[in-house]
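K.L.:
This is the structure I have questions about; it appears just below.
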Amino acid sequence: MASVKLQDLRKTFGSVEIIRGIDLDIADGEFVVFVGPSGCGKSTLLRLIAGLEPITHGELTIGDRVVNDVPASARGVAMVFQSYALYPHLTVRENMGFGLKVRKVARAEREKAVSKAAALLKLEALLDRYPRQLSGGQRQRVAIGRAIVANPSVFLFDEPLSNLDAELRVHMRSEIASLHQRVATTMIYVTHDQVEAMTLADRIVVLKDGRVEQVGAPQELYERPANIFVAQFIGSPKMNILKADTAAALSPGGSLPLSATQCGVRPEHLRVGSAAQPGLPGTVVMAEYAGAETLLHIQLENGDTCLALHRDGPPPRVQSAVTLTAEPGRTYAFDADGVAVHTSS
Amino acid sequence: MTSSLSHRSGAQARAPWLTLQRRDAIEGWLFVSPTLLGFLIFFLGPLIAIFIYAMSDWNFLSGEATFVGLTNFEDALLENPDFWHVLRNSAVFALGLVPLNVALALFLAVALSRPFRGVIIFRTIFFAPVITSAIAWAIVWKFMLQGEGGPINQMLALIGITGPNWLREPNWAMAAVIVTRVIKMVGLNMILYIAALQAIPRDYDEAAGLEGASRWQIFRLITWPLLGPTTLVIVVLTTIGSFKVFDHIYQMTGGGPENGTLVLAFYIYQQGFQFFDIGYASALAIIMFVIVTILTLIQVSLRRKDDA
């Protein structure tokens, strides 16, 4: 196990700066998720930590060693690739023991380590199969098993679930979470899926354009987003951002700070009432029924569209007039630059 | 009106001859017919003719042909010692050319598969001989390899080495022909290997590197096995090509010195078009076909055993 420290880490490809000065402390045994939209630099950051890309500027420390110039194989990290990168001509057993083989570990010791990892991931029955004979989820487990056999100080996961179907993704997510509990090793996980980030992470690092937008526990990011980008990226459906002058109608009795120009409210925190009730008036223009809830698209009088999750009772019909009110304490204020001012009523 | 109705119902009861399935089949045959016709006239026809000629004693000049059964095959395999000498030469040529060609192609491909400044120029340089006329290539090399005053020997003289008369000495002629043939054809295999190398996901290299594998270990344990199918294709094609080599021998040595470079394809040419013994030449061609087929099957089965 080891801590990981990034100090002003930068990465440039040609004249393009992809990672623009990242400072981050990852504690020993922590599960940290890098999340952000495509092209935000999260995979590049992971590759810098892995040693698969040279660092342009800054300092990377793993444990108590600065590893900028340490080759990937000597950093004590193991990586699970998005493609799994299982060698197709080797069996599961050979794939999992490959790292030990090239490090000239004795066969008996190798077998022991592979068996132990296979037992941990319930792969014993698959050890003599080739990757082509495995399902997506099994391949994923083999890739994780290979990383476990390496006995690393830090596990790195590069979007490991993105090739799986929705159901398997949920299953594997829980397997990775339970794996972290069992091995208690530092894990850094890259995803663009905020649900994955929320469910797995001790802390989430939200990245945008090569910079950190916010670092915090999932609940902290959900409840106290630092800016509009984080507010909209964390949570699904994304947060509504409305003009500040709608706040009074939306949240009677509450008020936004003077510097606030925009008001945020999550769809799940909006209550939809009849047109006669007090609140922000609007018209339902679309309703997406999803069983337990219905996502309503409501057009406000100023032309903005607002999303609201309706859970209790039959949803209002399309084209019907409604009013919206926010649950107390669930509106967010942002200034003209999109930075959170502070939460209000 | 009544008769018209009954006529229509009768037509409905009978299925039309030109069903959708038949129409598709006819269209399909029409599409493949040009190729099929070409195959029948230019490939299957001559192939059958070779079998017929091989069982005939046919003098090309007199035009007389007699059915002799398997006599031509017996002549080649049991009575004519030249055949076994020629076959030995072909085997030496193949055993020299195939490993050298494959190894050099792989080396060049590994060196030129990653992008760097000027990589296209290097690839072009090594591929250009492939599209050069074989005869022109052989003429140039014949000049280069001249004993006295040949550019190769002149260069060797600069470092104090007296070069042999490459194409006139039995010990050197075969080696010289093999090497010049390899240089001419290596570009084709290089391109095949480059395509195969570029198709191997980079993740494999990175994963293996992370696990502590050296570059040599990555190549030996990951890259080389993954190149297996390509290597099989290359070895099979190069082996077939080496048994069919004619133009080089024709131009550079004419089968000499002392029949030292007389290989099967050139021997077939000699028998058919210099001695006009078409029957015997055809029998030799069939024997060559069988040998190449057997070699190919052996290589394929070895590869399957590797995969299993």
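Here the protein sequences line up with chains A and B, keeping their order.
Mapping of the first sequence onto my numbering: position 166 corresponds to residue 167, and the numbering continues sequentially without gaps.
Mapping of the second sequence onto my numbering: position 33 corresponds to residue 232, and the numbering continues sequentially without gaps.
Cβ atoms here follow ideal geometry from the backbone N, Cα and C, with glycine treated the same way.
In three-state terms, what does DSSP make of B/R222?
P.N.:
If DSSP states are grouped into helix, strand and coil, B/R222 belongs with the helices.
K.L.:
B/Q498 and B/V435: beta carbons closer than 8 Å?
P.N.:
In this structure, B/V435 lies closer than 8 Å to B/Q498 by Cβ.
K.L.:
May I ask which residues mark the beginning and end of the beta strand (DSSP E) holding A/N303?
P.N.:
Element bounds for A/N303: n/a, residue is neither H nor E.
K.L.:
I need the boundaries of the alpha helix (DSSP H) containing B/I249, first residue and last residue.
P.N.:
Element bounds for B/I249: 244-253.
K.L.:
Checking the sheet assignment: what are the DSSP bridge partners for A/A334?
P.N.:
BP columns for A/A334 point to A/C264.
K.L.:
By alpha-carbon positions, which one of A/V81, A/A202, A/A198, A/I205 ends up nearest to A/R147?
P.N.:
It is A/V81 whose Cα lies nearest to the Cα of A/R147.
K.L.:
Does the separation of the CB atoms of A/D203 and A/F32 fall below 8 Å?
P.N.:
Contact: yes.
K.L.:
Hey, how far is the Cα of A/R272 from the Cα of A/A250?
P.N.:
The straight-line gap from Cα to Cα measures roughly 13 Å.
K.L.:
Can you grab the Cα-Cα spacing for the pair B/T323 / A/R48, in whole Å?
P.N.:
Between B/T323 and A/R48, the C-alpha separation is close to 34 Å.
K.L.:
Over what stretch of residues does the alpha helix (DSSP H) that includes B/Y449 continue unbroken?
P.N.:
Looking at the DSSP string, the run of the alpha helix (DSSP H) that includes B/Y449 is 446-451.
K.L.:
Beta-carbon separation of B/E410 and A/G100 under 8 Å?
P.N.:
It is a contact, given that the beta carbons lie within the stated cut-off.
K.L.:
Since A/S275 sits in a beta bridge, which residues does DSSP pair it with?
P.N.:
A/S275 pairs with A/V323.
K.L.:
Taking only three categories from DSSP, how would you classify B/D476?
P.N.:
B/D476: strand per DSSP, three-state reduction.
K.L.:
Any beta carbon from chain A within less than 8 Å of B/P424's own beta carbon?
P.N.:
With 8 Å as the cut-off, B/P424 counts as an interface residue toward chain A.
K.L.:
If distances are taken between C-alpha atoms only, which option among B/S441, B/F465, B/G454, B/N458 comes closest to B/A290?
P.N.:
Answer by Cα proximity: B/S441.
K.L.:
Out of B/A333, B/V267, B/L463, B/E273, which one is the CA nearest neighbour of B/V381?
P.N.:
Selected option, being the one with the closest Cα: B/A333.
K.L.:
Taking Cβ positions only, does A/F99 come closer than 8 Å to chain B?
P.N.:
A/F99 counts as touching chain B.
K.L.:
Got a sec? Which residues, its chain only, sit under 8 Å from A/D29 by beta carbon, not counting five neighbours each side?
P.N.:
For A/D29, where only same-chain residues beyond five positions count, the Cβ hits under 8 Å are M2, A3, S4, T187.
K.L.:
Leaving out five residues on either side along the sequence, give the residues of the same chain with a beta carbon under 6 Å from the beta carbon of A/Y85.
P.N.:
The answer, listed in chain order, is R140, A144.
K.L.:
Measure the C-alpha to C-alpha separation of A/R11 and B/L431 and round it to an integer number of angstroms.
P.N.:
Each residue's Cα considered, the two are about 45 Å apart.
K.L.:
Which two residues bound the contiguous beta strand (DSSP E) that contains B/A264?
P.N.:
Element bounds for B/A264: 264-266.
K.L.:
Any Cβ of chain B within less than 8 Å of the Cβ of A/L53?
P.N.:
Interface residue, yes.
K.L.:
Tell me whether the beta-carbon of B/I377 lies closer than 8 Å to the beta-carbon of B/L246.
P.N.:
Cβ distance not < 8 Å, so B/I377 and B/L246 don't count as in contact.
K.L.:
Which of the three DSSP states is assigned to A/E176 in this structure?
P.N.:
Three-state result, A/E176: helix.
K.L.:
Could you run through the segment 191-216 of chain A and flag, in chain order, every residue whose CB is less than 9 Å away from some CB of chain B?
P.N.:
Answer in chain order: no residues at all.
K.L.:
Is any heavy atom of the ligand FAD found at a distance shorter than 7 Å from the C-beta of B/F475?
P.N.:
The ligand FAD is absent from the structure shown, which contains no ligands of any kind.
K.L.:
Measuring only the C-alpha atoms, how far is A/R267 from A/D336?
P.N.:
Looking at the two C-alpha atoms, the distance is approximately 17 Å.
K.L.:
Counting along the chain, where does the alpha helix (DSSP H) carrying A/V196 start and finish?
P.N.:
Where A/V196 is concerned, the enclosing alpha helix (DSSP H) stretches over 195-201.
K.L.:
Report the residues of the segment 54-78 of chain A with a CB closer than 9 Å to any CB of chain B, ordered along the chain.
P.N.:
Per Cβ criterion, the list reads P72, A73, S74, A75, R76, V78.
K.L.:
Once DSSP output is grouped into helix, strand and coil, what is the label at A/T187?
P.N.:
In this structure, A/T187 counts as strand in the three-state DSSP scheme.
K.L.:
Using a Cβ-Cβ cut-off of less than 8 Å, give me the residues of the segment 469-485 of chain B that come near chain A, in sequence order.
P.N.:
Here the close residues number zero.
K.L.:
By the DSSP assignment, the beta strand (DSSP E) with A/N241 in it spans what residues?
P.N.:
241-244 is the span of the beta strand (DSSP E), which, as asked, contains A/N241.
K.L.:
Would you mind stating whether B/D387 and B/L366 have Cβ atoms separated by less than 8 Å?
P.N.:
A quick correction: the sequence has Leu, not Asp, at residue 387 of chain B. In this structure, B/L366 does not lie closer than 8 Å to B/L387 by Cβ.
K.L.:
Which bits of chain B does A/V103 rub up against, with CB to CB less than 8 Å?
P.N.:
In chain order: A407, E410, G411, A412, S413, Q416, L420.
K.L.:
Please tell me whether B/Y449 has its Cβ less than 8 Å away from any Cβ of chain A.
P.N.:
Chain A contact via Cβ: absent.
K.L.:
Measure from the C-beta of A/M188 to each C-beta in chain B and report whether the shortest distance is under 8 Å.
P.N.:
False, the Cβ-Cβ gap to chain B never drops below 8 Å.
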